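Participant: At position 116 of the sequence shown (counting the first as 1) the number is 116 in full-length UniProt numbering, and the numbers step up by one without a gap.
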Amino acid sequence: MNGDGENQVREERQALAQDGFPTDDAWRRLSPKMLLIHPVKEVIRFLPALIAVVIAGSSGGQNWWGLVGAGVAVGMGLLRWFTTSYRFTAEQVQLRSGLINTTTVAAPMDRVRSVDVTSSVLHRMLGLAEVRIGTGAGEKQLRLNGLTTAEAAALRGDLLHRAQTSAPASPDTGTTAASGGAAVADGAAASYQQETVVYQLNPSWIRYAPFGPAGVVAAAAVLGIGAQFLNESGLGWSRSGIVRGTVDRLQGLGVLLAVLAVLVVVLVVVVVLALLGYLLAFHGFRLTRDDTGGTYHVSRGLLTTRATSLEIRRMRGVEIHRALPLRWVGGARLTAITTGVKDDDRGMSTTLAPPSPLPVVTGTAGAVLGDAAAEVPLQRHGPHATMRRYTRAVGPALALAAALAAAAVVWSLPVLAVCGVLVLAAGVALGWSRARWLGHAVTDRFLVTRAGSIALSTNVIERRGAVGVTVRRSFFQRRAGVATVGLATAAGTKEYPVLDVPQEQVAKLAAQILPGHVEQFLR
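(1) Taking S433 as part of the alpha helix (DSSP H), name the residues at either end of that continuous run.
(2) Mind the definition here: the segment 304–320 touches the segment 458–465 only if three or more C-beta pairs lie below 8 Å; say whether that holds.
(3) Leaving out the 5 sequence neighbours to the left and right, which residues in its chain are closer than 8 Å to D371 when beta-carbon positions are compared?
(4) By a C-beta neighbour count over all protein chains shown, 10 Å radius and 16 as the cutoff for buried, is I100 buried or exposed?
(5) Quick check on this structure: which residue in W81, A209, A26 and G340 has the alpha carbon closest to the alpha carbon of G330?
(6) Considering Cα atoms alone, identify which of A429, Q503 and L260 is closest to T391.
(7) Report the option in S97, M76, A107 and T103 whose CA atom is closest to the CA atom of A90.
(8) By how many angstroms is the C-alpha of L369 removed from the C-alpha of P377?
(9) Can you round the beta-carbon distance between T295 and L160 to whole angstroms, since I take them to be within the 8 Å contact cut?
(10) Give the list of continuous beta strand (DSSP E) stretches no shorter than 3 residues that lie fully inside the segment 491–516.
(11) In the DSSP assignment, the alpha helix (DSSP H) including R380 goes from what residue to what residue?
(12) Sort T489, P32 and V121 by Cα distance to L302 and report the nearest one.
(13) Quick one: grab the DSSP three-state call for A451.
(14) Once the 5 residues before and after D25 are set aside, which same chain residues still bring their CB inside 7 Å of it?
(15) Quick one: Cα of T305 to Cα of I37, how far?
(16) Please determine, among P32, V72 and V198, the residue with the shortest C-alpha to C-alpha distance to F285.
(17) Looking at the strands, I want to know which residues DSSP matches up with P357.
(18) Might you give, ordered along the chain, the residues of its own chain that have their beta carbon closer than 7 Å to the beta carbon of Q503, omitting 5 neighbours on each side?
(19) Taking all protein chains shown into account, do 16 or more other C-beta atoms lie within 10 angstroms of the C-beta of P354, making it buried, or fewer, making it exposed?
(20) Note down the Cα distance separating R436 from P383, rounded to an integer number of angstroms.
(21) Ordered along the chain, which non-local residues of its own chain (more than five positions away) have a Cβ less than 7 Å from that of Q505?
(22) My output table needs one value for Q200: the three-state DSSP class, helix, strand or coil.
(23) Flag this pair as touching only if the segment 403–413 and the segment 330–339 have three or more C-beta atom pairs under 8 Å; answer yes or no.
(24) Where does T493 land, buried or exposed, given buried means 16+ other C-beta within 10 angstroms?
(25) Going by CA-CA distance only, name the one from D110, T149 and V105 that's closest to R124.
(26) Using only CA atoms, which one of S114, S433, H381 and G431 lies nearest to R313?
(27) In the DSSP output, what is V318 paired with across the bridge?
(28) Taking the CB atoms as reference points, tell me whether R380 and G431 lie closer together than 7 Å.
(29) Could you compute how far the alpha carbon of V264 sits from the alpha carbon of L404?
(30) Relative to the alpha-carbon of residue 526, which residue among T288, A451, A407 and G134 has its alpha-carbon at the smallest distance?
(31) How is the alpha helix (DSSP H) around P39 delimited, first residue to last?
(32) Closer than 7 Å by C-beta to C419: which residues in its own chain qualify, once you throw out the five before and the five after it? Chain order, please.
(33) Any chance you could list the alpha helix (DSSP H) runs of at least 4 consecutive residues sitting entirely within the segment 87–171, in chain order?
(34) Measuring alpha carbon to alpha carbon, tell me which residue in P396, G77, P203 and G75 is nearest P357.
(35) Give me the residue from I133, S85, V40 and W81 with the minimum Cα distance to A73.
(36) Buried or exposed: T135, going by 16 or more other Cβ atoms within 10 Å of its Cβ?
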């Protein structure tokens with residue numbers, strides 16, 4: 001490395017040191033305050049097993065087993081802190097963990113794609129935060145669990161600004177072509193004061209919570225944890241006096257009233273859990289854009305706060321979700337289609353707008369894209385595509401309705417025949433809905449595709465992000481004269497299909513998605 005390269009590295013180290021990070025390549029431990037957090041988390045993690053151990057020990061006259069189990073959990077928490085260390089270099093952030101099998105995870109500065117800053121209740125009480133650094137969708141995240149909140153905020157800004165201004169090494173000098181990297185690092189905190197607010201949650205929009213999937217997910221989680229607790233504790237559902245008493249009362253009401261009572265209770269539980277889950281996850285939700293650093297920032301959460309940062313230059317589009325029954329009340333939610341993000345928490349890392357009014361969501365999509373492509377009218381796919389929507393929905397419904405009708409005759413239960421008619425009607429309605437929403441459009445910058453009914457979604461993808469085009473024709477599609485044209489990209493789900501495009505439009509659409517490459521194969 002020449003003198004200019006050494007000066008560049010020295011300036012980067014000084015800029016990093018001014019933000020409070022050590023740059024002498026020495027391994028360091030995370031905050032000692034984590035000695036108070038790790039044992040508590042381990043005890044909570046093994047709480048069902050500890051309860052089972054205590055109950056088993058009590059029945060055998062050995063109450064000290066519970067203390068032994070708690071001591072093991074606390075020891076594991078302490079050991080985690082003693083076996084974890086990190087260091088900063090001019091090129092990487094490195095994290096080393098493990099006692100017997102030591103693992104080292106490195107995040108190159110110039111490959112940082114996303115940065116999440118999370119603070120649980122315990123973290124917030126102690127002034128700490130966890131920083132998750134993502135360098136690619138297929139790579140392991142680096143987690144620094146135990147930085148102070150000031151260090152976490154400064155590190156987030158520094159990493160993203162360095163990634164924004166970094167460029168590949170020059171073959172002549174081997175140095176990075178980062179223009180003003182140190183100056184940007186020094187001004188990272190100041191730039192966050194000039195962020196543009198793109199979306200801010202209105203507290204009244206919590207009314208959309210019961211109509212999203214959060215309620216069902218939360219209810220399933222609570223039931224799963226409750227069942228595990230009862231089983232691990234040795235009590236079980238059959239031994240619970242409350243459960244047995246409730247079952248006896250329901251049996252005394254009759255079948256119809258018992259079913260109605262159960263449905264009402266389930267509905268109330270789902271609504272309450274949905275409201276609670278929405279409040280916990282999206283309280284204070286705020287989407288801002290930092291034009292200086294070239295990033296979008298999302299902050300949210302009530303008890304556990306989380307701040308996620310996404311690079312603008314790696315965003316390839318957005319997805320508008322309008323699933324039932326959220327669509328019935330005029331709501332929608334928005335997620336980003338971006339590269340380099342490992343979204344392993346049901347889309348929360350890429351959420352740009354939680355369940356909100358549809359005009360607000362489409363307006364946010366336009367602000368993020370800098371284009372109103374999400375609101376353009378879509379082209380229909382013709383009668384053959386419509387017929388396929390009906391046959392694929394009505395066919396299974398017709399088979400089920402026939403089975404219910406046969407069972408009604410065999411068992412002399414007219415109610416089964418009524419259920420069969422309802423199932424057939426639902427299949428027809430589903431086919432109509434799928435045909436109604438199916439469509440696509442091509443603008444100067446974007447491919448817009450919409451499909452589905454129960455899980456309706458509209459995808460708006462930049463055509464410049466296409467790395468390939470796929471054209472698929474099944475046996476039934478060939479007979480119907482349609483094909484599925486897919487835009488292949490490195491972002492999001494990797495492929496975004498346009499379903500059942502008429503045969504005469506396939507070549508034109510493929511050429512629009514990837515001009516100059518596919519025409520020769522589709523003549």
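Just so you know, even glycine gets a beta-carbon here, dropped at the ideal spot from N, CA and C.
All of these numbers come straight from a predicted model, not from anything done at the bench.
Facilitator: The structure says:
(1) Taking the first residue of the sequence shown as position 1, residue 433 is located at position 433. It spans P414 to W437 - the alpha helix (DSSP H) in which S433 sits, taken as one unbroken run.
(2) Counting Cβ pairs under 8 Å, three or more are found: they touch.
(3) As a working mapping, residue 371 is identified with position 371 in the sequence shown. The residues are T443, R445 and F446.
(4) On the sequence shown, residue 100 is found 100 positions in, with the first residue counted as 1. Exposed, by the Cβ-count rule.
(5) For the purposes of this step, residue 330 is taken as residue 330 along the sequence shown, with counting starting at 1. Nearest of W81, A209, A26 and G340 to G330, Cα basis: A209.
(6) Against the sequence shown, residue 391 aligns to sequence position 391. Residue A429 is the option with its Cα nearest to T391.
(7) As a working note, residue 90 is residue 90 in the sequence shown. Of the listed residues, the one whose Cα sits closest to A90 is A107.
(8) By one-based count along the sequence shown, residue 377 stands at place 377. By one-based count along the sequence shown, residue 369 stands at place 369. So the alpha carbons of these two residues sit roughly 17 Å apart.
(9) Mapped onto the sequence shown, residue 295 falls at position 295. Mapped onto the sequence shown, residue 160 falls at position 160. The pair is a contact, with the Cβ atoms about 5 Å apart (cut-off 8 Å).
(10) Complete beta strand (DSSP E) runs here, min 3: 495–502.
(11) As a first step, residue 380 is located in the sequence shown; it is residue number 380 there, counting from the start. Element bounds for R380: n/a, residue is neither H nor E.
(12) In the sequence shown, the residue the question calls residue 302 occupies position 302. Checked all of T489, P32 and V121; the closest Cα to L302 is V121.
(13) Within the sequence shown, the letter at position 451 stands for residue 451. If DSSP states are grouped into helix, strand and coil, A451 belongs with the strands.
(14) On the sequence shown, residue 25 is found 25 positions in, with the first residue counted as 1. For D25, the CB contacts under 7 Å within the same chain, skipping 5 residues up- and downstream, are R87 and T89 in chain order.
(15) Against the sequence shown, residue 305 aligns to sequence position 305. Against the sequence shown, residue 37 aligns to sequence position 37. Straight-line Cα distance between these residues: approximately 16 Å.
(16) In the sequence shown, residue 285 corresponds to position 285, counting from 1. Looking at the Cα atoms, V198 is the closest of the given residues.
(17) Taking the first residue of the sequence shown as 1, we reach residue 357 at position 357. In the DSSP output, where bridge partners are listed per residue, P357 has G331.
(18) Here residue 503 corresponds to residue number 503 of the sequence shown, with the count starting at 1. Within the same chain, Q503 has close Cβ partners G481, V482 and A483.
(19) For the purposes of this step, residue 354 is taken as residue 354 along the sequence shown, with counting starting at 1. Buried, because 16 or more other Cβ atoms sit within 10 Å of the Cβ of P354.
(20) Position 436 of the sequence shown, counting from 1, holds the residue named residue 436. Position 383 of the sequence shown, counting from 1, holds the residue named residue 383. As the crow flies, the alpha-carbon of R436 is around 11 Å from that of P383.
(21) To locate residue 505, count along the sequence shown from 1; it is residue 505. In the same chain as Q505, and ignoring 5 residues on each side of it, no C-beta atom comes closer than 7 Å to its own.
(22) In the sequence shown, counting from the first residue as 1, residue 200 sits at position 200. Collapsing the DSSP output to three states places Q200 in a strand.
(23) Look at the beta carbons and you see the segment 403–413 not touching the segment 330–339: under three pairs across the two are nearer than 8 Å.
(24) Numbered from 1 along the sequence shown, position 493 holds the residue referred to as residue 493. With a threshold of 16 other beta carbon atoms within 10 Å, T493 falls short and is exposed.
(25) Numbered from its first residue, the sequence shown carries residue 124 at position 124. Among D110, T149 and V105, the Cα nearest to that of R124 is on T149.
(26) Walking along the sequence shown from the start, residue 313 turns up at place 313. S114 is the residue among S114, S433, H381 and G431 whose C-alpha sits nearest the C-alpha of R313.
(27) Counting from one through the sequence shown, the residue named residue 318 turns up at place 318. V318 is bridged to A336 and V460.
(28) As a first step, residue 380 is located in the sequence shown; it is residue number 380 there, counting from the start. As a first step, residue 431 is located in the sequence shown; it is residue number 431 there, counting from the start. Not in contact: R380 and G431 (Cβ atoms no closer than 7 Å).
(29) Your numbering for residue 264 matches position 264 in the sequence shown. Your numbering for residue 404 matches position 404 in the sequence shown. Take the alpha-carbon of V264 and the one of L404: they are about 26 Å apart.
(30) Any answer about residue 526 is impossible in this case: the structure gives the chain only from 1 up to 523.
(31) Residue numbering aside, residue 39 sits at position 39 when the sequence shown is read from its first letter. From DSSP, the alpha helix (DSSP H) with P39 extends over M34 to R45.
(32) For the purposes of this step, residue 419 is taken as residue 419 along the sequence shown, with counting starting at 1. Correct list, in chain order: L404.
(33) For the segment 87–171, whole alpha helix (DSSP H) runs of length 4 or above, ordered along the chain, are 121–126 and 149–165.
(34) For the purposes of this step, residue 357 is taken as the residue at position 357 of the sequence shown. P357 has its Cα closest to that of P203, out of P396, G77, P203 and G75.
(35) In the sequence shown, residue 73 corresponds to position 73, counting from 1. Looking only at I133, S85, V40 and W81, the smallest Cα-Cα distance to A73 is reached by V40.
(36) Within the sequence shown, residue 135 is the residue found at index 135, counting from 1. Here T135 is buried, its C-beta having at least 16 other C-beta atoms within 10 Å.
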